[in-house]
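For reference, the structure is listed below as structure tokens.
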Amino acid sequence: MATVARDESDYDSSCSSITVPSSTLSFGGSRRTSVSSSVADTTHSSSLSLKPHKAHHAAWEAVARLRCEAGRVGLDHFRIIRRVGSGDIGNVYLCQIRGRSVAEPCLYAMKVVDREALAARKKLQRAETEREILGVLDHPFLPTLYAQFEASHYSCLVMEFCSGGDLLTARQRQPSRRFSISSAKFYAAETLLALEYLHMMGIVYRDLKPENVLVREDGHIMLSDFDLSLKCDVVPKLIRRKPDPESNCNKNQTCSTTCALPIQPVLSCFSASAKRTKAITPTTIQDIDELVAEPINARSKSFVGTHEYLAPEVISGQGHGSAVDWWTFGVFLYELLYGITPFKGENNEKTLINILKQPLSLPRIGVSTTKEYEEMVKVQDLISRLLVKNPKRRIGGCKGSVEIKRHEFFKGVNWALIRSVRPPEVPSDLNKIRSRVGLTKLSKKERDAPYQIPLHFDYF
Ligand SMILES: Nc1ncnc2c1ncn2[C@@H]1O[C@H](COP(=O)(O)OP(=O)(O)OP(=O)(O)O)[C@@H](O)[C@H]1O
1 MATVARDESD
11 YDSSCSSITV
21 PSSTLSFGGS
31 RRTSVSSSVA
41 DTTHSSSLSL
51 KPHKAHHAAW
61 EAVARLRCEA
71 GRVGLDHFRI
81 IRRVGSGDIG
91 NVYLCQIRGR
101 SVAEPCLYAM
111 KVVDREALAA
121 RKKLQRAETE
131 REILGVLDHP
141 FLPTLYAQFE
151 ASHYSCLVME
161 FCSGGDLLTA
171 RQRQPSRRFS
181 ISSAKFYAAE
191 TLLALEYLHM
201 MGIVYRDLKP
211 ENVLVREDGH
221 IMLSDFDLSL
231 KCDVVPKLIR
241 RKPDPESNCN
251 KNQTCSTTCA
261 LPIQPVLSCF
271 SASAKRTKAI
281 TPTTIQDIDE
291 LVAEPINARS
301 KSFVGTHEYL
311 APEVISGQGH
321 GSAVDWWTFG
331 VFLYELLYGI
341 TPFKGENNEK
351 TLINILKQPL
361 SLPRIGVSTT
371 KEYEEMVKVQ
381 DLISRLLVKN
391 PKRRIGGCKG
401 SVEIKRHEFF
411 KGVNWALIRS
421 VRPPEVPSDL
431 NKIRSRVGLT
441 KLSKKERDAP
451 YQIPLHFDYF
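So, in structure tokens, the structure goes:
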């Protein structure tokens with residue numbers, strides 16, 4: 001599914017709105033461009049300390065060692081093994097550090113972006129947004145940026161490599177090309193945690209779809225592709241419970257914003273003026289009911305996303321915030337379960353009309369046990385609360401991820417320990433992975449040959 005973007009730069013602060021730029025819709029393009037030399041690593045040497053949850057990983061340590069020994073990290077330090085993917089703004093290559101043991105190599109994904117080509121297509125800002133976002137992420141279900149450097153007019157981002165492909169491919173491998181309810185619950189729960197973290201960091205993701213959810217070697221997910229994301233400020237709020245019979249929440253849930261108490265100052269990972277929020281003491285937390293630290297009031301009018309996944313408020317151009325991610329989360333969950341998206345029309349225009357006008361219909365899922373039937377009822381309830389056309393009435397629209405995590409469908413999910421749960425599928429052992437990525441197809445001569453910077457990166 002092609003992404004669509006009509007806006008090159010939309011840094012928003014919450015509560016402010018922006019106008020739609022005059023640039024037109026743009027779709028994936030491709031080109032061949034030459035590359036000549038490798039220059040400096042631009043990753044801060046202090047970033048090791050900013051990656052506490054990955055600092056002990058072999059891949060992280062190997063890059064840290066390299067930076068220490070060579071004083072920098074550059075393209076010449078990597079052996080490009082093969083291209084593993086390409087998108088609208090760049091190609092992604094599987095690579096490893098030169099001179100390391102071939103028996104136990106640390107594999108990396110290097111995203112190579114041709115800055116000149118992107119500038120000509122007015123998409124440079126997208127690459128810049130992605131680079132900035134990758135630089136601040138530190139979460140088990142989000143990519144770790146190991147290094148970044150420039151080579152001629154190419155920008156290179158060295159990230160964690162995901163050997164398990166993406167969830168679209170995984171879905172297509174399933175019987176009837178759809179996941180079981182329990183598998184869908186697992187992938188949805190991990191994706192929800194990734195979105196929750198992004199929101200807390202002041203990032204509205206905006207492009208959730210199975211293609212962008214990669215599967216790691218251990219079977220857990222990694223959300224990728226941040227060039228369409230929106231960076232904004234977050235104003236944490238304390239929300240007091242106040243039962244609202246008209247709300248879209250469950251009876252045993254509450255959903256009221258009437259007593260929202262903003263905590264000052266503003267939290268943002270990007271704003272130069274941002275300061276850290278005041279420490280919230282346990283006593284304070286006991287005194288109130290809910291802490292919401294999501295950019296629920298962010299407003300952008302950009303037309304970005306993937307047609308089948310676009311939220312109504314994005315299509316209508318009325319301004320959108322973090323609630324778009326809960327709409328796309330609903331479409332995502334629907335696709336995992338049904339193998340199709342809910343509003344797909346004969347063409348993009350009809351799809352957009354369906355999103356705006358067509359009521360949601362939820363076909364029955366074939367179930368064989370009472371427990372499965374109960375699960376189906378719960379997941380359908382969640383989807384119908386996510387795919388509410390009015391973002392203010394959508395679950396998550398007023399209180400963010402906490403509302404969704406509390407839904408009956410996720411009852412029993414151990415959010416803190418989900419990364420230790422065995423995933424529905426674990427990509428096979430290292431040898432199989434290596435043959436899948438083509439590592440074993442290289443001859444010894446090829447593996448050991450000194451790396452030549454190619455005259456051309458293979459754009460298509
Ligand atoms: N860390 C990774 N590990 C393995 N494969 C990856 C990784 N990152 C990206 N890929 C592969 O490369 C492809 C292109 O990457 P990505 O989506 O980031 O590029 P893009 O140019 O931003 O694409 P888009 O057009 O969706 O914006 C992905 O679909 C995926 O298959």
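UniProt numbering applies: residue 1 is where the sequence shown begins, and numbers increase by one. Virtual Cβ for every residue (Gly too), placed ideally from N, Cα, C.
Per DSSP, reduced to three states, the secondary structure at A109 is strand. Straight-line measurement puts the Cα of H53 at about 31 Å from the Cα of E335. For N348, the enclosing alpha helix (DSSP H) starts and ends at 348-357. The criterion of a C-beta distance shorter than 9 Å is satisfied by E425 and A170. Partner residues in the beta bridge of I97, as assigned by DSSP, are F78.
Annotation for L66: V73, H77, I97 place their beta carbon closer than 7 Å to its own, counting only its chain and skipping 5 residues before and after. Here the distance from the Cβ of G90 to the nearest heavy atom of ligand 1 is below 8 Å. By the C-beta criterion, the stretch 146-166 is judged to be in contact with the stretch 104-119, since at least 3 inter-stretch pairs fall below 8 Å. As the crow flies, the alpha-carbon of Y93 is around 24 Å from that of R173. Nearest C-alpha to L192 among S152, R422, A2, V413: V413.
Judged by beta-carbon spacing, F329 lies beyond the 9 Å limit of L168, meaning their Cβ atoms are not closer than that value. Non-local beta-carbon contacts of N354 in its own chain, meaning distances under 6 Å to residues more than five positions away in sequence, involve F343, G345 in chain order. Residue nearest to I80 within the set L230, I315, P105, K389 is P105 (criterion: CA-CA distance).
With contacts defined as CB atoms closer than 9 Å, F179 and L382 fail to qualify as a contacting pair.
Boundaries for Q148: no alpha helix (DSSP H) harbours it, while the beta strand (DSSP E) harbouring it runs 145-151, taken from the DSSP string.
D218 counts as exposed, since fewer than 16 other beta carbons sit within 10 angstroms of its beta carbon.
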